[in-house]
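See structure below.
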Amino acid sequence: MVEDDLVKKTLETSKTIAMVGVSSIKKEISTNIKRRPSTIVMKYMQEFGYRVIPVNPFSAGEKIHGETIVAKLNDIKIPVDIVDVFRPSKETPMIAEEAVKIEAKTFWLQYGIQNDDAKKIIESKNIFYVSNKCIKQEYQRLFLKISPVFPALKK
Numbered sequence: 115m116v117e118d119d120l121v122k123k124t125l126e127t128s129k130t131i132a133m134v135g136v137s138s139i140k141k142e143i144s145t146n147i148k149r150r151p152s153t154i155v156m157k158y159m160q161e162f163g164y165r166v167i168p169v170n171p172f173s174a175g176e177k178i179h180g181e182t183i184v185a186k187l188n189d190i191k192i193p194v195d196i197v198d199v200f201r202p203s204k205e206t207p208m209i210a211e212e213a214v215k216i217e218a219k220t221f222w223l224q225y226g227i228q229n230d231d232a233k234k235i236i237e238s239k240n241i242f243y244v245s246n247k248c249i250k251q252e253y254q255r256l257f258l259k260i261s262p263v264f265p266a267l268k269k
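When the letters of the sequence shown are read in order and numbered with the working numbering, they come out as residues 115 to 269.
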């Protein structure tokens, strides 16, 4: 229950999410990309008032859901409350180091992602660490009181 309270407070007080691993939508493969968890979660969190900045070095400069993709966290010029990660667990220590440098308040790893080294880096700087949880589903569960589901993104 204590963690639920911390997650709820984090989501209530946060305004900006840097989402690492969001893919751009290219015309030739747009139907598959629209169903990727990162793009669904990005759009969902935007609909509830969050500014979500996509981070992906392979798609930097492209746009998705009205936001320009940046190559790395350090390219973001505004304060970031939450760094939300959609990358393999083995990549998270490096991302954690970047999150520390930009002074993020929360480091959030999506379902299936956790890493003890990343956790040590984050917690040593008193940054809130969440792993193996979907930010969208936690929002639904804690604020909307609905059973978390993961529907296909609607147009």
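Where is the CB? At the ideal position from N, CA and C, for every residue including glycine.
Check                                                                                                                           : Outcome
Using CA atoms only, rank isn't needed, just tell me which of P207, E217 and Q228 is closest to I190.                           : E217
Residues bridged to K177 by DSSP?                                                                                               : T182
Could you check which residue in G135, Q251, Y253 and F242 has the C-alpha nearest to that of W222?                             : F242
Let me know if I131 comes out buried or exposed under the rule of 16 or more other beta-carbons within 10 Å of its beta-carbon. : buried
Check A218 in the structure and name its three-state DSSP category.                                                             : coil
Three or more C-beta pairs under 8 angstroms: does that hold for the segment 169-185 against the segment 243-253?               : no
If you measure between the beta carbons of I227 and A213, is that distance less than 8 angstroms?                               : no
What's the C-alpha gap between L120 and S128?                                                                                   : 12 angstroms
Rounding to the nearest angstrom, what Cα-Cα distance links P270 and Q224 in this structure?                                    : Since the first residue shown for the chain is 115 and the last is 269, residue 270 is missing from the structure and cannot be characterised.
State the start and end residues of the unbroken beta strand (DSSP E) segment that holds D167.                                  : The displayed chain sequence assigns Ile, not Asp, to residue 167. Looking at the DSSP string, the run of the beta strand (DSSP E) that includes I167 is R165 to V169.
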